[in-house]
Amino acid sequence: MENTINLYQLHCKCILILDNTSSKLISKYLDMSEVINSGIFSVESIYKKRKPYKSFGSIYLISSSHSSIKLVLNDFKSEKKRKYKWCFLFIINKINDEILELLLNKKFIKRIKILNEVDLNYIPLDKNYFYFGENGNFNPIVFPISLNNLIYISFICK
Numbered sequence: 042m043e044n045t046i047n048l049y050q051l052h053c054k055c056i057l058i059l060d061n062t063s064s065k066l067i068s069k070y071l072d073m074s075e076v077i078n079s080g081i082f083s084v085e086s087i088y089k090k091r092k093p094y095k096s097f098g099s100i101y102l103i104s105s106s107h108s109s110i111k112l113v114l115n116d117f118k119s120e121k122k123r124k125y126k127w128c129f130l131f132i133i134n135k136i137n138d139e140i141l142e143l144l145l146n147k148k149f150i151k152r153i154k155i156l157n158e159v160d161l162n163y164i165p166l167d168k169n170y171f172y173f174g175e176n177g178n179f180n181p182i183v184f185p186i187s188l189n190n191l192i193y194i195s196f197i198c199k
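Position in the sequence shown (from 1) plus 41 gives the number in my numbering.
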């Protein structure tokens with residue numbers, strides 16, 4: 042975990058905002074204690090009404106669905122109505138041109154510190170058992186762990 046960012050070292054308080062897809066991913070990868078110990082003040086759903094913390098930063102980990110992106114933009118739609126001071130936006134699958142156009146909103150762009158496309162469109166169900174695809178087009182796949190299978194998994198995840 043040498044390459045991770047500890048928010049305590051940055052001296053900032055952050056709210057982690059998740060949509061349904063990223064919530065499933067986070068629950069598979071991390072314990073809540075790991076999230077809180079990294080400096081996250083609160084973990085919240087993007088779909089629920091949230092209290093504004095105008096002096097806090099926000100970290101959004103969301104899918105590139107139109108509805109999730111619109112909810113992020115609504116959090117920063119005006120200076121008076123913004124919920125957070127700034128945001129790190131991590132999108133867990135491909136960003137298409139339409140979504141990118143939405144994100145280039147002038148009111149939003151000045152609040153964004155990081156925009157990153159993180160290709161995490163799979164869920165590890167076990168050490169060698171993976172679920173690919175959000176929409177159910179893929180069945181779970183079981184791989185015995187070997188170097189060739191890890192290379193194959195890496196190739197199909199890109």
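Glycine included, every Cβ here is placed at the ideal spot set by N, Cα and C.
D160 counts as exposed, since fewer than 16 other C-beta atoms from the protein chains shown sit within 10 angstroms of its C-beta. Secondary structure note for K126: its beta strand (DSSP E) is the uninterrupted segment 125 to 132.
In the DSSP assignment, V84 falls within the unbroken beta strand (DSSP E) covering 81 to 86. For F129, the CB contacts under 6 Å within the same chain, skipping 5 residues up- and downstream, are I100, K154, I155 in chain order.
For S99, the beta-bridge partners assigned by DSSP are I56, C128.
The C-beta distance from L59 to I77 rounds to 14 Å, too long to fall under 8 Å, and the pair is not in contact. Annotation: I140 is outside any beta strand (DSSP E); the continuous alpha helix (DSSP H) that includes it extends over 138 to 144. Taking a cut-off of 8 Å on C-beta distances, the segment 60 to 71 touches the segment 92 to 112, as three or more cross pairs fall below it.
DSSP, reduced to helix, strand and coil, places K147 within a helical segment of the structure shown. DSSP places L66 within a helical segment (H, G or I) once states are collapsed to three.
By the Cβ-count criterion, I132 is buried, with 16 or more other Cβ atoms from all chains shown falling within 10 Å of its own Cβ. Around the Cβ of I56, a 10 Å sphere holds 16 or more other Cβ atoms; the residue is buried.
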